[in-house]
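Engineer: Got a structure for you, written out below as structure tokens; questions coming shortly.
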Amino acid sequence: AQSVTQLGSHVSVSEGALVLLRCNYSSSVPPYLFWYVQYPNQGLQLLLKYTSAATLVKGINGFEAEFKKSETSFHLTKPSAHMSDAAEYFCAVIIYGNKLVFGAGTILRVKS
Amino acid sequence: GAGVSQSPRYKVAKRGQDVALRCDPISGHVSLFWYQQALGQGPEFLTYFQNEAQLDKSGLPSDRFFAERPEGSVSTLKIQRTQQEDSAVYLCASSTREGQDSPLHFGNGTRLTVT
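Chains as they are written, first to last, in the numbering used here: chain A, 1 to 112; chain B, 1001 to 1115.
Next comes the structure, spelled out in structure tokens:
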């Protein structure tokens, strides 16, 4: 079965510092992978998706993620954190069609 | 342009009551999903519609949960005889078509609290 594991339920960074949110997947076939962001009391918004076209995927708000098959990872990064990046981030993998399976989420805190 | 709209935003129910949660997807979107998000967890799949057909209901936790989309647009998730463990945010999502390159658009959810 396909699934994702997010390492670290909480990550805290200083404003301007590098953001790194970790996601590892398990899949017997090449996966479709996604990162979503959820602000308080809101639904999920798509940040970026990997669909095998390129291993480095650029998303919105300056985020990007790199698909590494050898490490079964799809970590999310942003060079410089902004206060507005504080939110919960979910990694997800496609099961079939566009049915998503989500990780448990990582709450990002940005300190001024 | 309107996104996915869910109502009510908040619902408090006494244990044993029935509730109905509504989802208005983006106009023309074929696929519609319901997810349940418990506090501190990621969303978990409940059920999936393609137009009016419910193609997958494998995630519904019990027979107290029922979903419908009779005209292939608005969908309703009904929970009968609510229990405290049903307390969660219920998210609806829609997409233009079946397919892995069609992103899901999520509503803001309905937060259900069962007392």
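Glycine included, each C-beta is placed from N, C-alpha and C at the ideal position.
Name the chain A residues whose beta carbon is nearer than 9 Å to that of Tyr1090 (chain B)?
Structural biologist: As a working mapping, residue 1090 (chain B) is identified with position 90 in the second sequence. By Cβ distance, chain A contributes nothing, its closest Cβ being about 11 Å from Tyr1090 (chain B), past 9 Å.
Engineer: I'd like to confirm the pairing. Which residues does DSSP put opposite Phe63 (chain A) in its beta bridges?
Structural biologist: Counted from its first residue, the first sequence places residue 63 (chain A) at position 63. Its beta-bridge partners do not exist; DSSP assigns none.
Engineer: For Thr1047 (chain B), which residues from the same chain have a beta carbon less than 7 Å from its beta carbon, with the 5 sequence-adjacent residues on both sides left out?
Structural biologist: Indexing the second sequence from 1 puts residue 1047 (chain B) at position 47. Same-chain partners within the cutoff: Trp1034, Gln1054, Asp1056, Lys1057, Gly1059, Leu1060, Ala1067.
Engineer: Using the Cα positions of Ser1095 (chain B) and Arg1022 (chain B), report the straight-line distance between them to the nearest angstrom.
Structural biologist: Translated into positions along the second sequence, residue 1095 (chain B) becomes position 95. Translated into positions along the second sequence, residue 1022 (chain B) becomes position 22. The alpha-carbon atoms of Ser1095 (chain B) and Arg1022 (chain B) are separated by roughly 17 Å.
Engineer: Check whether the region 12-29 of chain A and the region 1004-1018 of chain B touch, using three or more Cβ-Cβ pairs below 8 Å as the test.
Structural biologist: As far as the Cβ criterion goes, the region 12-29 of chain A does not touch the region 1004-1018 of chain B, which means the pair count is below three.
Engineer: Closest Cβ-Cβ distance between Gly1109 (chain B) and chain A: below 8 Å?
Structural biologist: Along the second sequence, read from residue 1 onward, the residue named residue 1109 (chain B) stands at position 109. Closer than 8 Å: yes.
Engineer: Do you know offhand how far Gly16 (chain A)'s Cα is from Lys78 (chain A)'s?
Structural biologist: Within the first sequence, numbered from 1, the residue matching residue 16 (chain A) stands at position 16. Within the first sequence, numbered from 1, the residue matching residue 78 (chain A) stands at position 78. Their Cα atoms are separated by approximately 10 Å.
Engineer: Which one or two residues does DSSP pair with Leu47 (chain A) in a beta bridge?
Structural biologist: The count along the first sequence starts at 1 and reaches residue 47 (chain A) at position 47. Looking at the DSSP assignment, Leu47 (chain A) forms no beta bridge with any residue, so it has no partner.
Engineer: Report yes or no: is there a C-beta of chain A within less than 8 Å of the C-beta of Phe1045 (chain B)?
Structural biologist: On the second sequence, position 45 is the one that residue 1045 (chain B) refers to. It does: the Cβ of Phe1045 (chain B) has a partner Cβ on chain A nearer than 8 Å.
Engineer: May I ask which residues mark the beginning and end of the beta strand (DSSP E) holding Ile107 (chain A)?
Structural biologist: Here residue 107 (chain A) corresponds to residue number 107 of the first sequence, with the count starting at 1. Its beta strand (DSSP E) spans residues 106-111.
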